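What follows is one structure encoded as structure tokens, with my remarks underneath.
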Amino acid sequence: MQGRWFPRRLRCLIIGESPGAPASPYFYDPIPSTGHDPVVVRRLLLRALTEAKILPSPNLDAFKDNGFLFDHAIRAQLPIAEVKTERKNAERFESKLAKSATHLLPLVGMAESVWAMGWIARNAVVHVFPSVSMKRRSLTPPYRLNERIFVSRYFTRYTTQEKANQVVKQIIEWIP
1 MQGRWFPRRL
11 RCLIIGESPG
21 APASPYFYDP
31 IPSTGHDPVV
41 VRRLLLRALT
51 EAKILPSPNL
61 DAFKDNGFLF
71 DHAIRAQLPI
81 AEVKTERKNA
91 ERFESKLAKS
101 ATHLLPLVGM
111 AESVWAMGWI
121 ARNAVVHVFP
131 SVSMKRRSLT
141 PPYRLNERIF
151 VSRYFTRYTT
161 QEKANQVVKQ
171 IIEWIP
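In terms of this note's numbering, the sequence shown has 51 at position 51, counting the first letter as 1, and numbering is strictly consecutive.
Take a look at the structure:
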């Protein structure tokens, strides 16, 4: 994973669920110059981190320069129906694809904090950290699994930028 978008200091690894359906734009694709970012999670996240004064501007370079990295529990682009099935299974910690997210092990080991965003990401993190409790079922409000790991709903579930900003305000105190 180390490459163009890997930060010098990995303050926070954000784990999403899946890169979307085949042919969907990807988190690290260039942001269009038209002003409308088609990647909803990126748009909401970058704006919320900028509003919270964590990033100086809502772009991928600022994201990297401030120690953030985004990856997915499931790296394959899957049809939406398959993602929904995995999400439903992940609510019960039974997503087979989340359980096989071994690509996260080195990243989680390097990260100062880990933000699991959504059911599939939470399921993957629990399997990477078997000592983490599976007792809590809800993703709202955001909560900590341990001193380094916290979870929230997936940002595409928030209907407004204002709600995304509120969640980031709760979470930033957990990021070193």
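Glycine included, C-beta positions come from ideal geometry on N, C-alpha and C. Computed from a predicted structure; not experimentally measured.
query	result
Taking contact to mean at least 3 C-beta pairs separated by less than 8 Å, is the segment 25 to 42 in contact with the segment 89 to 102?	no
Determine the direct distance from the alpha carbon of Pro106 to that of Arg148, and round the result to whole angstroms.	15 Å
With a 10 Å radius around its C-beta and 16 neighbouring C-beta atoms as the bar for buried, classify Asn123 as buried or exposed.	buried
Opposite Arg153 in the DSSP bridges: which residues?	None; Arg153 has no bridge partner.
Roughly how many whole angstroms lie between the Cα atoms of Trp119 and Pro22?	20 Å
Counting C-beta neighbours from all protein chains within 10 Å, is the total for Gly109 16 or more, i.e. buried, or is it exposed?	exposed
Among Ala116, Val132 and Val126, which has the Cα closest to the Cα of Ser18?	Ala116
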